[in-house]
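Letter 90 of the sequence shown, counting from 1, is numbered 90 in UniProt numbering, and no numbers are missing.
Think of the CB as a built atom: it goes at the ideal place given N, C-alpha and C, for glycine as much as any other residue.
Here is the structure we will look at.
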Amino acid sequence: MPLSEALESKMAAAQGGLFSLVGAEQITANTALGIGAEKQTNAAFLNVGFDGDHFSSLRVERVGVSGQIHGSIVIFAQDGLLDNIVTVSAGSGLAERVRYVIEPSTKGSRVFGVNKARADLSLVANPVHVVSSDLPDFFDLQKLEPVKWSEAALSLIDDYSNAVEPMIGDGGKWGDPLIANTVSKGRQNIIKMATNLTILRKMQGELTGHIPAVDLDDVRCAIEMERWLMDHHYQNLGGY
Numbered sequence: 001m002p003l004s005e006a007l008e009s010k011m012a013a014a015q016g017g018l019f020s021l022v023g024a025e026q027i028t029a030n031t032a033l034g035i036g037a038e039k040q041t042n043a044a045f046l047n048v049g050f051d052g053d054h055f056s057s058l059r060v061e062r063v064g065v066s067g068q069i070h071g072s073i074v075i076f077a078q079d080g081l082l083d084n085i086v087t088v089s090a091g092s093g094l095a096e097r098v099r100y101v102i103e104p105s106t107k108g109s110r111v112f113g114v115n116k117a118r119a120d121l122s123l124v125a126n127p128v129h130v131v132s133s134d135l136p137d138f139f140d141l142q143k144l145e146p147v148k149w150s151e152a153a154l155s156l157i158d159d160y161s162n163a164v165e166p167m168i169g170d171g172g173k174w175g176d177p178l179i180a181n182t183v184s185k186g187r188q189n190i191i192k193m194a195t196n197l198t199i200l201r202k203m204q205g206e207l208t209g210h211i212p213a214v215d216l217d218d219v220r221c222a223i224e225m226e227r228w229l230m231d232h233h234y235q236n237l238g239g240y
């Protein structure tokens, strides 16, 4: 069964419209994208999961899903993933929804036999525990408390959109169609990042009491991350 079908019938249908996939190998990315599979990956399902829109896929031969879909996919992959994403996307908008970071290779500079801690795991231990302990209560979208967006927060995104709009026109820095379309998805991505930042800070106890709206500092941080990601995309997608 192609992964997109498995996400629909095995995960989203059983979890109230929610799906999540995390992988650390190229094979995970290839499976998610349907590379080498007999059936094409349903990019529409992945796109709807990103947008949080309504999706209906009812078929006789398998369990389908109908309703609002929310999902995320995180993949740590090797070279070649970008080529696969652009190829499979084929104008569907999937490639424009992807955000990625390319790190330099450590081959040739690694030191073996020395066990060094590369990260302070204590920094993520608490939020991971909090999130995982609450997961059983998150499967029903109707029970979730919505985090609202204030006019001031939306105004910050408008300012960012107005600043980058001239850059995605013909002759602009980000005028290449793939880059321009990716930048156009920036508003959604900023909303996602800022909302998650506010929720995580709430879970860690940095924000107390009821949260009426996404914190403005988190919106500013998300905007700067999106701006950095777009520059990163521009530097690495020039050949597509």
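When the Cα atoms are used, Thr31 and Ile85 turn out to be separated by approximately 12 Å.
When beta bridges are read from the DSSP output, Ile73 appears opposite Leu21. Sorting His210, Leu207, Asp218 and Lys192 by C-alpha distance to the C-alpha of Val98 places Lys192 at the top. By the neighbour-count criterion, in which 16 or more other beta carbons inside 10 Å mark a residue as buried, Leu121 falls on the exposed side. For Ser161, the three-state secondary structure derived from DSSP is helix.
Under the three-state reduction of DSSP, Lys185 is assigned to coil, being neither helix nor strand. Contact annotation: Leu94 and Gln26 have beta-carbon atoms that are not nearer than 8 Å. Within the same chain, and ignoring the five residues on either side of Lys148 in sequence, the residues whose Cβ sits closer than 6 Å to its Cβ are Ala213. Put simply, the region 163 to 180 does not touch the region 69 to 78. Fewer than three CB pairs are less than 8 Å apart. Within the same chain, Cβ atoms closer than 6 Å to the Cβ of Ser72 are found at Ser20, the five residues on either side in sequence being excluded.
If you compare the alpha carbons of Thr198, Asp176, Ala90 and Val219 with that of Met230, the shortest gap goes to Asp176.
Counting along the chain, Gly49 sits inside no beta strand (DSSP E); it lies in the alpha helix (DSSP H) bounded by residues Ala43 to Asp51. Your pair Ala194 and Ala222 checks out as a contact, with CB atoms roughly 4 Å apart and the cut at 8 Å.
Scanning its chain for C-beta atoms nearer than 6 Å, with the 5 sequence neighbours on each side dropped, one finds around Tyr160 the residues Ile223, in chain order.
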